[in-house]
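J.: Taking our numbering, the leading residue of the sequence shown gets 46, the next gets one more, and so forth.
Where is the CB? At the ideal position from N, CA and C, for every residue including glycine.
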Amino acid sequence: MMAILVQTSLKKVVTGKKPKNLNQTEWEELDEKALSAIQLCLANMVLQEVLMKKTSSATTSIYVSHE
46 MMAILVQTSL KKVVTGKKPK NLNQTEWEEL DEKALSAIQL CLANMVLQEV LMKKTSSATT
106 SIYVSHE
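Okay, structure coming up:
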């Protein structure tokens with residue numbers, strides 16, 4: 046999963062490192078993209094647990110606990 050985030054330049058979103066040149070709206074759009082990328086990588090059982098999460102960082106904490 047992390048490889049996909051790196052390849053799509055979304056890793057910074059998950060780590061919470063918001064570039065100063067992005068406004069809040071742009072940051073939220075990137076977070077939505079990261080969240081959808083994470084959801085697409087998950088097995089069905091794990092996916093059910095994260096569908097209600099609203100941010101990529103909240104989702105990755107659940108993913109890490111299942112590794």
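When you compare the CB positions of ASP76 and THR100, do they come within less than 9 Å of one another, or not?
T.: As a position in the sequence shown, residue 76 is number 31, starting the count at 1. As a position in the sequence shown, residue 100 is number 55, starting the count at 1. Result yes, Cβ atoms of ASP76 and THR100 sit closer than 9 Å.
J.: Can ALA103 and ILE49 be called in contact, C-beta distance under 9 Å?
T.: The residue labelled residue 103 in the question sits at position 58 within the sequence shown. The residue labelled residue 49 in the question sits at position 4 within the sequence shown. No, the pair does not count as a contact, with Cβ atoms beyond the cut-off.
J.: Measure the alpha-carbon distance for LYS56 versus MET46 and round it to whole angstroms.
T.: Looking up residue 56 in the sequence shown gives position 11. Looking up residue 46 in the sequence shown gives position 1. The alpha-carbon atoms of LYS56 and MET46 are separated by roughly 10 Å.
J.: To the nearest whole angstrom, what separates the beta carbons of ALA79 and VAL51, a pair I think is in contact under 8 Å?
T.: Against the sequence shown, residue 79 aligns to sequence position 34. Against the sequence shown, residue 51 aligns to sequence position 6. Their Cβ separation, rounded to whole angstroms, is 11 Å, which puts ALA79 and VAL51 out of contact at 8 Å.
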